[in-house]
Amino acid sequence: MTTATSPSESRSIRALAGRAIGAPLEPFEYQPAALGPNDVELEISHCGMCRSDLHLLDDDWKVTTYPFVPGHEIIGFVREMGSAVSHLQRGERVGVGWQSSACLDCDLCLSANDNVCLRQTATCVGRHGGYADRVRVDSRYAFALPKALDSARTAPLLCAGITVFAPLNRLKVGGQRLGVVGVGGLGHLALQYGRALGCEVTAFSTSRSKEAEARALGAGRFVATGEDGALRAAANSVDVLLVTASADIAWPEYLNTVRPTGTMCIVGLPTGDIRLPPLGVVEGQRTIAGSSIGSRSAMRTMLELSARHGVEAHVETFPMREANAAFDRLRGNQARYRIVLEN
Ligand code: NAP
Ligand code: ZN
């Protein structure tokens, strides 16, 4: 039998926060809310740095409140447990991703689509995230991690990994021709899952600088999209195109790489609108799909498959206190391929 920590026993949490749009992160302390019956408090060892943290700091989606503590690729150890938590142990290592809760009761939740529950909350939207020493989260979105997985290389799986794995799993890409646009945090994992699922994988990257590594990660073919005519030459070459690019792209030219009846699945979140020629969609009977993180069930499958197939992020680690320098590297598209902050 476990007991909840009383609010009076709460110690303040030491975090890093941005106080205005695009501002550098500064030390910030806050008092956590009382531990609810389903909550756990984690001592954070690692937190991945997702491009979405930068979108939020810059308030690209008009949902950010300041002070803003980023961080939603969290690995931590359970230190406190609410009275209703029975599936985790004190001291256990768990991972937490973008999603922090769902109603768990609606038709979407009950059909393993809890990642699009209309009442979901996010780990660092309207709440303080993982660039911190500790965090309190709903235990139902804290996932026990297979022992084989290394913490630093696994943190990025909690958002980047699930975001690319879930649509590949849902679209049943096994054995098909898969294109991955953008070899960044999400994209370099998509290449690995594509290979693990038996796809013939093509990487679409803006320059040749990532070619050797993209091929080592699973791409049999590499298209340097910045080279004249490269996209045209790749017309009708993939069944599924997974777009992870974080900036606006020439959408019609990318759509054209999808074979008739194929699917362009968008997971990247550039700030501009997606403009596509109706003829390109209609004549080729192409499907335009979106995908948002993944359900709890997909998360479990992803972690288990990653352990079995050795899928892990290629990471650069930074001490948590150097998060601003790490953000600069991410902004400059210099990270190879995911930055992970360590306490
Ligand atoms: P990232 O590590 O910065 O990678 C993004 C990649 O996009 C870059 O490495 C680059 O790849 C490519 N890119 C950048 N500018 C480009 C341009 N102008 N034209 C074409 N390609 C360009 O970012 P990330 O963490 O992987 O996140 C990618 C996007 O997914 C972000 O917008 C993020 O917010 C979003 N996201 C969505 C979900 C979801 O649930 N759907 C979850 C997490 C993140 P190359 O160098 O290879 O060209
Ligand atoms: Zn993310």
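Add 1004 to a position in the sequence shown, counting from 1, and you land on the number used in the numbering used here. All residues carry an ideal CB built from backbone N, CA and C; glycine is no exception.
Quick one: measure Cβ to Cβ for residue i and residue j, integer angstroms, because I've assumed they're closer than 8 angstroms.
i: ALA1148; j: VAL1187; result: Contact doesn't hold; Cβ gap of about 30 angstroms is too wide.
i: VAL1082; j: VAL1044; result: 5 angstroms
i: VAL1168; j: TYR1197; result: 6 angstroms
i: GLU1308; j: SER1049; result: Incorrect: roughly 21 angstroms between the Cβ atoms, too far for contact.
i: THR1127; j: VAL1100; result: 6 angstroms
i: SER1014; j: TYR1034; result: Wrong, their Cβ atoms sit about 10 angstroms apart, outside the cutoff.
i: VAL1139; j: LEU1020; result: Contact doesn't hold; Cβ gap of about 12 angstroms is too wide.
i: ALA1159; j: GLY1052; result: 4 angstroms
i: ALA1223; j: LEU1195; result: 5 angstroms
i: GLY1133; j: VAL1073; result: 5 angstroms
i: LEU1182; j: VAL1242; result: 6 angstroms
i: CYS1163; j: HIS1076; result: 6 angstroms
i: VAL1227; j: ALA1238; result: 5 angstroms
i: PRO1071; j: ARG1023; result: 5 angstroms
i: THR1267; j: THR1291; result: 4 angstroms
i: THR1125; j: SER1143; result: The Cβ separation is near 14 angstroms, so there is no contact.
With a threshold of 6 angstroms (Cβ to nearest heavy atom), would residue i be considered close to the ligand NAP?
i: THR1206; result: no
i: ASP1251; result: It should be noted that the sequence gives Ala, not Asp, for residue 1251. Yes.
i: ILE1078; result: no
i: THR1248; result: yes
i: SER1087; result: no
i: VAL1285; result: no
i: HIS1059; result: yes
i: LEU1345; result: no
i: VAL1187; result: yes
i: GLY1026; result: no
i: VAL1044; result: no
i: VAL971; result: Nothing about residue 971 can be reported from this structure: the residues present for the chain run from 1005 to 1347 only.
i: SER1090; result: no
i: LEU1190; result: yes
i: ASN970; result: One cannot answer for residue 970 here, as it falls past the ends of the chain, which runs 1005 to 1347.
i: ASN1337; result: yes
i: ILE1297; result: yes
i: THR1167; result: yes
i: SER1241; result: no
i: SER1209; result: yes
Buried or exposed, going by whether 16 or more other CB atoms sit within 10 Å of the CB of residue i?
i: SER1115; result: exposed
i: PRO1264; result: exposed
i: SER1012; result: Note that SER1012 scores 42 on pLDDT, short of 50, meaning its location in the model is unreliable; the coordinates nonetheless yield the value given after this. Answer is exposed; the Cβ neighbour count stays below 16.
i: GLU1030; result: exposed
i: LEU1334; result: buried
i: TRP1255; result: buried
i: GLN1093; result: exposed
i: THR1007; result: Since pLDDT at THR1007 reaches only 42, below the 50 mark, its modelled position is unreliable, and the value read off the structure follows with that caveat. Exposed.
i: SER1310; result: buried
i: LYS1066; result: exposed
i: CYS1203; result: buried
i: ALA1220; result: exposed
i: PRO1282; result: exposed
i: ASP1252; result: exposed
i: GLN1289; result: exposed
i: ARG1304; result: exposed
i: ILE1079; result: buried
i: GLY1189; result: buried
i: ASN1260; result: buried
i: ILE1343; result: buried
i: ALA1302; result: buried
i: ARG1325; result: exposed
i: HIS1313; result: exposed
i: LEU1191; result: The sequence shown places Gly at residue 1191, rather than the Leu named in the question. With 16 or more other Cβ atoms within 10 Å, it is buried.
i: LEU1161; result: buried
i: ALA1152; result: exposed
i: ALA1216; result: exposed
i: GLU1231; result: exposed
Any beta carbon of chain C sitting closer than 7 angstroms to that of residue i?
i: THR1210; result: Given the protein chain composition of this structure (a single chain), no chain C is represented.
Below 5 angstroms from a heavy atom of the ligand ZN - residues by beta-carbon: CYS1054, SER1056 and CYS1163
Segment contact, 8 angstroms Cβ cut-off, at least three pairs: the stretch 1264-1275 with the stretch 1294-1310: yes
Three CB pairs or more closer than 8 angstroms across the stretch 1140-1156 and the stretch 1202-1209: no
Cβ contact check for the stretch 1117-1130 and the stretch 1275-1293: 3 or more pairs under 8 angstroms: no
Validate contact between the stretch 1332-1344 and the stretch 1026-1043 using beta carbons, cut 8 angstroms, 3 pairs: no
The stretch 1169-1188 touching the stretch 1233-1246, judged by at least three CB pairs closer than 8 angstroms: yes
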